[in-house]
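Below is one structure; the comments refer to it alone.
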Amino acid sequence: MTTTRKQLEVLTDDQTPHKWCVLLREDVFKKFMSQGSPAVHKVFGGGSLFSPFLFGKFFDPSDAFPLWEFDADILLAGLRSSGQSSTVDWFQTDQDYVLKADLPGDGKNNVQVYAENGKVVEISGQWKQQGGESKSTKDWRSGNWWEHGYVRKLELPQDADWRRIEASVTNDLLLEIKIHKINPLDCDINRLTMKDKEAV
Numbered sequence: 001m002t003t004t005r006k007q008l009e010v011l012t013d014d015q016t017p018h019k020w021c022v023l024l025r026e027d028v029f030k031k032f033m034s035q036g037s038p039a040v041h042k043v044f045g046g047g048s049l050f051s052p053f054l055f056g057k058f059f060d061p062s063d064a065f066p067l068w069e070f071d072a073d074i075l076l077a078g079l080r081s082s083g084q085s086s087t088v089d090w091f092q093t094d095q096d097y098v099l100k101a102d103l104p105g106d107g108k109n110n111v112q113v114y115a116e117n118g119k120v121v122e123i124s125g126q127w128k129q130q131g132g133e134s135k136s137t138k139d140w141r142s143g144n145w146w147e148h149g150y151v152r153k154l155e156l157p158q159d160a161d162w163r164r165i166e167a168s169v170t171n172d173l174l175l176e177i178k179i180h181k182i183n184p185l186d187c188d189i190n191r192l193t194m195k196d197k198e199a200v
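Residue 1 is where the sequence shown starts when you use UniProt numbering, and the numbers rise one by one after that.
Have a look at this one:
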């Protein structure tokens, strides 16, 4: 089997009004899962990046989560000790913050990555197409989004350079996001340049 790696464009200007305005509550999610198909369980089941229970307790994936403030081994320990496998990992190097996660679905992913206001990275995609009249009149992200798609919003660390985010998908199944860290020397140079301009 050949490996295909596709670079994703990281979008910065999303003009979708009312996106993620319908919050996913725990009782709604549990009811949705109890009536869900195997596809629903693959998208939102334990161990998925898009599961509201990924971090041990319910957390709406459309709310930004400070992922890199936590160690993956510690935060996912409960999930792993219960015998569930996780398809998510994150870590940091001296140069980057890295997230790796399996994408839900059958290998035909339409995942999108957004950098919002320099503070949040958003990963979203559709797992089920909208049908009927609502398809042409309403974006799936502005209603009960979990019925058609998935999202995970992550807070960016303060030293993350939101202008330098790289995203790729391998074999339409594995998402990798690299967020470069701001070089502290660049910050010092910029501060000195600003002071020089103010002195003039």
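Just so you know, even glycine gets a beta-carbon here, dropped at the ideal spot from N, CA and C.
Which one or two residues does DSSP pair with residue i in a beta bridge?
i	result
Trp90	Leu99
Ala160	Lys181
Ala64	Lys153
Leu11	Tyr114
Lys31	Answer by DSSP bridge pairing: none, since Lys31 is not bridged.
Val169	Lys6 and Leu175
Val120	Glu116 and Glu155
residue 250	Nothing in the structure corresponds to residue 250, since the chain is present only between 1 and 200.
Round the Cβ separation of residue i and residue j to the nearest angstrom and send it over; I've been treating them as touching at under 8 Å.
i	j	result
Leu154	Trp162	About 11 Å; that fails the 8 Å criterion.
residue 210	Val111	This structure gives no information on residue 210, because the portion of the chain shown stretches from 1 to 200.
Val43	Trp145	Incorrect: roughly 12 Å between the Cβ atoms, too far for contact.
Ser48	Thr2	Incorrect: roughly 26 Å between the Cβ atoms, too far for contact.
Should residue i go down as buried or exposed, given a rule of 16 or more other Cβ atoms within 10 Å for buried?
i	result
Thr12	exposed
Ala39	exposed
His18	exposed
Phe53	buried
Phe50	buried
Gln7	exposed
Ser124	buried
Val113	buried
Phe70	exposed
Ala160	buried
Leu185	exposed
Worksheet item: Is there contact between the region 91-102 and the region 51-62, where contact requires at least three CB pairs shorter than 8 Å?
Response: Touching, no.
Worksheet item: Is it a yes or a no for the region 110-125 touching the region 26-40, going by three-plus beta-carbon pairs under 8 Å?
Response: With a cut-off of 8 Å, the region 26-40 and the region 110-125 do not count as touching, because too few Cβ pairs lie within range.
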